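Working notes, beginning with the structure itself.
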Amino acid sequence: MTLNGKSPVKFVKYLLILAVCCILLGAGSIYGLYRYIEPQLPDVATLKDVRLQIPMQVYSADGELIAQYGEKRRIPVTLDQIPPEMINAFIATEDSRFYEHHGIDPVGIFRAASVALFSGHASQGASTITQQLARNFFLSPERTLMRKIKEAFLAIRIEQLLNKNEILELYLNKIYLGYRAYGVGAAAQVYFGKTVDQLSLSEMAVIAGLPKAPSTFNPLYSMDRAIARRNVVLSRMLSEGYITQAQYDQARSEPIDANYHAPEIAFSAPYLSEMVRQEMYNRYGESAYEDGYRIYTTITRKVQQAAQQAVRNNVLDYDMRHGYRGPANVLWKVGETAWDSKKITDTLKALPTYGPLLPAVVTSANPQEATAALADGTSVSLHMEGMRWARPYRSDTQQGPTPRKVTDVVQTGQQIWVRQVDNDWWLAQVPEVNSALVSLNPQTGAVLALVGGFDFNQSKFNRATQALRQVGSNIKPFLYTAAMDKGLTLASMLNDVPISRWDAGAGSDWRPKNSPPQYAGPIRLRQGLGQSKNVVMVRAMRAMG
Numbered sequence: 001m002t003l004n005g006k007s008p009v010k011f012v013k014y015l016l017i018l019a020v021c022c023i024l025l026g027a028g029s030i031y032g033l034y035r036y037i038e039p040q041l042p043d044v045a046t047l048k049d050v051r052l053q054i055p056m057q058v059y060s061a062d063g064e065l066i067a068q069y070g071e072k073r074r075i076p077v078t079l080d081q082i083p084p085e086m087i088n089a090f091i092a093t094e095d096s097r098f099y100e101h102h103g104i105d106p107v108g109i110f111r112a113a114s115v116a117l118f119s120g121h122a123s124q125g126a127s128t129i130t131q132q133l134a135r136n137f138f139l140s141p142e143r144t145l146m147r148k149i150k151e152a153f154l155a156i157r158i159e160q161l162l163n164k165n166e167i168l169e170l171y172l173n174k175i176y177l178g179y180r181a182y183g184v185g186a187a188a189q190v191y192f193g194k195t196v197d198q199l200s201l202s203e204m205a206v207i208a209g210l211p212k213a214p215s216t217f218n219p220l221y222s223m224d225r226a227i228a229r230r231n232v233v234l235s236r237m238l239s240e241g242y243i244t245q246a247q248y249d250q251a252r253s254e255p256i257d258a259n260y261h262a263p264e265i266a267f268s269a270p271y272l273s274e275m276v277r278q279e280m281y282n283r284y285g286e287s288a289y290e291d292g293y294r295i296y297t298t299i300t301r302k303v304q305q306a307a308q309q310a311v312r313n314n315v316l317d318y319d320m321r322h323g324y325r326g327p328a329n330v331l332w333k334v335g336e337t338a339w340d341s342k343k344i345t346d347t348l349k350a351l352p353t354y355g356p357l358l359p360a361v362v363t364s365a366n367p368q369e370a371t372a373a374l375a376d377g378t379s380v381s382l383h384m385e386g387m388r389w390a391r392p393y394r395s396d397t398q399q400g401p402t403p404r405k406v407t408d409v410v411q412t413g414q415q416i417w418v419r420q421v422d423n424d425w426w427l428a429q430v431p432e433v434n435s436a437l438v439s440l441n442p443q444t445g446a447v448l449a450l451v452g453g454f455d456f457n458q459s460k461f462n463r464a465t466q467a468l469r470q471v472g473s474n475i476k477p478f479l480y481t482a483a484m485d486k487g488l489t490l491a492s493m494l495n496d497v498p499i500s501r502w503d504a505g506a507g508s509d510w511r512p513k514n515s516p517p518q519y520a521g522p523i524r525l526r527q528g529l530g531q532s533k534n535v536v537m538v539r540a541m542r543a544m545g
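Residue numbering for the sequence shown is 1 to 545, as defined by the UniProt record's numbering.
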């Protein structure tokens, strides 16, 4: 028998020759392409000593986190710290043949191409975990054929350099999972406020479903899409034999309780933390935010919080003594239509809080009591006890009469400030004065506490280190201490009478005066210190020589 006048043997022979030629041509083309691209490929050996971008963290002397700086949130974890279910969730979803291929998966590519051909759109990805790792470390996110070819060659190189566990560990710490979270450690903290070993199977599936589209399937943006994507991950785990039907059913029925969790700051010391940040940036530039620096300061929670409270209490007391300057704003006047609760809440949410001071809007007021709405939608009651201080401000030295009833101070529609005192709410106002405090260990010079102002959100200017002003009488205790080192005692007698001394440089007499200009004659040093006598201080300095 012949086929078109030729024997079957010859036909098969020609077919085999054609196939061999195609294979050789394809192999030659791939080799030529590799030789062309090879000089452009980065050195994958850097993965052996890779440094992931980890934010800078500032700690107290007790080892408590007080600040974190950096664009990316990352909590590095070893593969041993990641539950097997989490690892299997990523493998089942992103690269089910991960342990069978050598960087690229021809079976996966063929499957994705077939689905795309018959469905008319690409519904399955063909990138392996190793290819994704290559893209995340070395390549841009652009979608071009050349980038895809480089990605494939890099993946093969990575597989030759690292074992599968090393690849997985790098991938699970590098991958972007939305909301500035990089790696599964950070994602567990950001979405669920947990460490990876505390996650449920359902929560692991939520995180494993994020690499495909971190925004689309993000539980903080779209819960419905997040649930649907979680169910896809669970289905893949079930079909790959990683979980049982019972585990699948339980995880699928579990609601997703996801909320944004900020870094767990133990206590706040913003002025000191900002000093640390500036110093680190001056030394290391942008790498200060990426190289995982941990800076341990000398402050402690107890002393820092006491210092912060002391500054705020004294500033508020000083400000209250000078009278009430009135409401921050009037949203509607008495007799006008009141705003609805939503409009009030939206307005308050746009306003800042300053330490203990919260913005509020008076929604009702009578002589005995006022009700004020807060930004969280709740309401608080204000009574005369919390307003008795609010004498009208007239000048720095004059205040009006003490109010007799609540409506002497506040009216409906006013935007005011309130603060909680014990179990009651008091009227407040944002102080126009400020203060600072530094506490030092006199033996070592260590900073035990530093407060640069009433509130960092109100003013980031650090009055403890950036303000340039005369020290005034604050210097006197130090000068008296020096005088006592030279032989004076607290009982030493010094003459509190006016002094006049010719100053050749100024061409006039130098006449230091007390403030107020009152003089007591001979007094003891301790009286001069206690009464802040300028003349006595000068005589003590003269006695030192």
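Heads up, the beta-carbon is just placed ideally off N, CA and C, and yes, glycines get one too. The structure presented is a predicted model; accordingly, all values stated were derived computationally and were not measured.
Problem - Proximity winner among Tyr281, Pro431, Asp503 and Met544, relative to Pro327 (alpha-carbon distances) - result: To locate residue 327, count along the sequence shown from 1; it is residue 327. Of the candidates Tyr281, Pro431, Asp503 and Met544, the one whose C-alpha sits nearest the C-alpha of Pro327 is Pro431.
Handout entry: DSSP state of Met387 mapped onto helix, strand, coil
Key = For the purposes of this step, residue 387 is taken as the residue at position 387 of the sequence shown. Met387 falls in the coil class under three-state DSSP.
Practice task
In angstroms with no decimal places, state the Cα-to-Cα distance between Tyr480 and Trp510.
Solution key: Walking along the sequence shown from the start, residue 480 turns up at place 480. Walking along the sequence shown from the start, residue 510 turns up at place 510. The alpha-carbon atoms of Tyr480 and Trp510 are separated by roughly 21 Å.
Exercise for the section: With a floor of 3 residues, list each beta strand (DSSP E) that falls wholly inside the segment 249-320, ordered by position along the chain. Expected result: 294-296
Practice task
Could you tell me whether the segment 304-318 touches the segment 91-105, where touching means 3 or more Cβ pairs closer than 8 Å?
Solution key: Output reads no: the segment 91-105 does not touch the segment 304-318.
Exercise for the section: May I have the straight-line CA-CA distance separating Pro214 from Lys174, to the nearest angstrom? Expected result: By one-based count along the sequence shown, residue 214 stands at place 214. By one-based count along the sequence shown, residue 174 stands at place 174. Near 14 Å, if we compare the C-alpha coordinates of Lys174 and Pro214.
Exercise for the section: Just tell me which of Asp503, Ser515 and Ala540 has its CA closest to the CA of Leu488. Expected result: In the sequence shown, residue 488 corresponds to position 488, counting from 1. The residue among Asp503, Ser515 and Ala540 with its C-alpha nearest the C-alpha of Leu488 is Ala540.
Practice task
Tell me whether the beta-carbon of Gly70 lies closer than 7 Å to the beta-carbon of Tyr324.
Solution key: Here residue 70 refers to the residue found at position 70 when the sequence shown is read from its first residue. Here residue 324 refers to the residue found at position 324 when the sequence shown is read from its first residue. Against a cut-off of 7 Å, the Cβ pair of Tyr324 and Gly70 comes out as no contact.
Practice task
Give the straight-line distance between the Cα atoms of Ala116 and Ser127, rounded to the nearest whole angstrom.
Solution key: As a first step, residue 116 is located in the sequence shown; it is residue number 116 there, counting from the start. As a first step, residue 127 is located in the sequence shown; it is residue number 127 there, counting from the start. Confidence in Ala116 is poor, its pLDDT being 46 and thus under 50, which makes the residue's placement unreliable; the coordinate value appears in the next sentence. C-alpha separation (whole angstroms): 14 Å.
Handout entry: Range of the contiguous beta strand (DSSP E) that encloses Ser439
Key = Here residue 439 is taken as the residue at index 439 of the sequence shown, counted from 1. Its beta strand (DSSP E) spans residues Leu437 to Leu440.
Exercise for the section: Spell out a yes or no on whether the segment 73-89 and the segment 177-191 are touching, meaning 3 or more CB-CB pairs, one atom from each, closer than 8 Å. Expected result: When Cβ pairs closer than 8 Å are counted between the two stretches, the segment 73-89 is seen to touch the segment 177-191, the count reaching three or more.
Practice task
Count the other C-beta atoms from every protein chain shown that fall within 10 angstroms of the C-beta of Phe478, then say buried if there are 16 or more, exposed otherwise.
Solution key: The residue you call residue 478 lines up with position 478 of the sequence shown. Its Cβ having fewer than 16 others within 10 Å, Phe478 is exposed.
Handout entry: Assigned exposure category for Trp502 - 16 Cβ within 10 Å defines buried
Key = Residue mapping note: residue 502 aligns to position 502 of the sequence shown, counting from 1. When all chains shown are included, Trp502 counts as exposed.
Exercise for the section: Check each candidate in Gln189, Asn474, Arg391 and Ser222 and name the one with the smallest Cα separation from Tyr260. Expected result: What you label residue 260 is simply residue 260 of the sequence shown in a count that begins at 1. Here the closest residue by C-alpha is Gln189.
Practice task
Determine contact between the segment 261-271 and the segment 413-427, defined as no fewer than three beta-carbon pairs at a distance below 8 Å.
Solution key: no
Exercise for the section: With DSSP as the reference, please indicate the residues paired to Gln420 in a beta bridge. Expected result: The sequence position of residue 420 within the sequence shown is 420, counting from 1. DSSP, once it has assigned bridges, lists Trp425 as partnering Gln420.
Handout entry: Unbroken beta strand (DSSP E) run spanning Tyr393, endpoints
Key = Residue mapping note: residue 393 aligns to position 393 of the sequence shown, counting from 1. That run of the beta strand (DSSP E) goes Tyr393 to Ser395.
Practice task
Give a yes or no on whether the C-beta atoms belonging to Gln411 and Ala365 are separated by under 7 Å.
Solution key: For the purposes of this step, residue 411 is taken as residue 411 along the sequence shown, with counting starting at 1. For the purposes of this step, residue 365 is taken as residue 365 along the sequence shown, with counting starting at 1. Going by C-beta atoms, Gln411 is nearer than 7 Å to Ala365.
Problem - CB-CB length for Ile66 against Ala310, believed under 8 Å - result: For the purposes of this step, residue 66 is taken as residue 66 along the sequence shown, with counting starting at 1. For the purposes of this step, residue 310 is taken as residue 310 along the sequence shown, with counting starting at 1. Not really, about 18 Å apart at Cβ, beyond 8 Å.
Practice task
Assign residue 594 to one of two classes, buried (16 or more other C-beta atoms within 10 Å of its C-beta) or exposed (fewer than that).
Solution key: With the chain covering 1 to 545 only, the question about residue 594 has no answer from this structure.
Handout entry: Residues that DSSP places opposite Ala186 in a beta bridge
Key = Translated into positions along the sequence shown, residue 186 becomes position 186. Its beta-bridge partners do not exist; DSSP assigns none.
Practice task
Could you tell me whether the segment 190-204 touches the segment 47-59, where touching means 3 or more Cβ pairs closer than 8 Å?
Solution key: Judged by pairs of C-beta atoms under 8 Å, the segment 190-204 does not touch the segment 47-59, as fewer than three such pairs exist.
Exercise for the section: Would you mind giving the Cβ-Cβ distance between Thr298 and Ala61, rounded to the nearest angstrom? I have them listed as a contact below 8 Å. Expected result: Translated into positions along the sequence shown, residue 298 becomes position 298. Translated into positions along the sequence shown, residue 61 becomes position 61. Correct: roughly 5 Å between the Cβ atoms.
Practice task
Using 10 angstroms around the beta-carbon of Ser273, count the other beta-carbons present and answer buried if the total reaches 16, otherwise exposed.
Solution key: In the sequence shown, residue 273 corresponds to position 273, counting from 1. Looking at its Cβ environment, which holds 16 or more other Cβ atoms inside 10 Å, Ser273 is buried.
Handout entry: Segments of 3+ residues assigned as beta strand (DSSP E) that fall wholly inside the segment 51-103
Key = 56-59 and 65-69
Practice task
For the alpha helix (DSSP H) holding Ile523, just list the boundary residues, first then last.
Solution key: Taking the first residue of the sequence shown as 1, we reach residue 523 at position 523. Note, Ile523: premise wrong, no alpha helix (DSSP H); beta strand (DSSP E) at Gly521 to Arg524.
Exercise for the section: Return the residue from the list Val50, Asn329 and Leu168 that minimises the CA-CA distance to Pro84. Expected result: On the sequence shown, position 84 is the one that residue 84 refers to. Measuring from the Cα of Pro84, the nearest candidate turns out to be Leu168.
Practice task
Give me the Cα-Cα distance between Asn88 and Ser287, rounded to the nearest whole angstrom.
Solution key: Taking the sequence shown and counting its residues from 1, one reaches residue 88 at position 88. Taking the sequence shown and counting its residues from 1, one reaches residue 287 at position 287. Distance between the alpha carbons of Asn88 and Ser287: 34 Å.
Practice task
For Gly120, I'd like the list of residues in its chain whose CB is within less than 6 Å of its CB, leaving aside the five on either flank, ordered along the chain.
Solution key: Here residue 120 refers to the residue found at position 120 when the sequence shown is read from its first residue. Caution applies to Gly120, whose pLDDT of 47 falls short of 50 and renders its modelled position unreliable; the value that the coordinates give is listed next. Excluding residues within five positions, none has a Cβ falling inside 6 Å.
Handout entry: Separation of Ala372 from Lys405, as counted between CA atoms
Key = Here the question's residue 405 lines up with position 405 in the sequence shown. Here the question's residue 372 lines up with position 372 in the sequence shown. Distance between the alpha carbons of Lys405 and Ala372: 16 Å.
Problem - Simplified DSSP state of Ser492, which is helix, strand or coil - result: The sequence position of residue 492 within the sequence shown is 492, counting from 1. Residue state, collapsed to three classes: coil.
Practice task
Pick out whichever of Met86, Ser500, Leu358 and Val447 has its Cα sitting closest to the Cα of residue 617.
Solution key: The requested residue 617 is not part of the displayed model; the chain covers only 1 to 545.
Exercise for the section: List the endpoints of the continuous beta strand (DSSP E) containing Asp503. Expected result: Your numbering for residue 503 matches position 503 in the sequence shown. Start and end: Arg501 to Asp503.
Practice task
Please report the Cβ distance between Asp424 and Glu385, rounded to the nearest whole angstrom; I am assuming they are in contact, meaning their Cβ atoms lie under 8 Å.
Solution key: On the sequence shown, position 424 is the one that residue 424 refers to. On the sequence shown, position 385 is the one that residue 385 refers to. With a Cβ gap of about 7 Å, Asp424 and Glu385 count as contacting.
Exercise for the section: Use the C-beta contact count for Thr337: other C-beta atoms within 10 angstroms, 16 or more gives buried, fewer gives exposed. Expected result: Within the sequence shown, numbered from 1, the residue matching residue 337 stands at position 337. It counts as exposed.
Practice task
Grab me the residues of Asp340's own chain with a C-beta within less than 8 Å of its C-beta, minus the 5 sequence neighbours each way, in chain order.
Solution key: For the purposes of this step, residue 340 is identified with residue 340 of the sequence shown, where counting begins at 1. Here the set comprises nothing.
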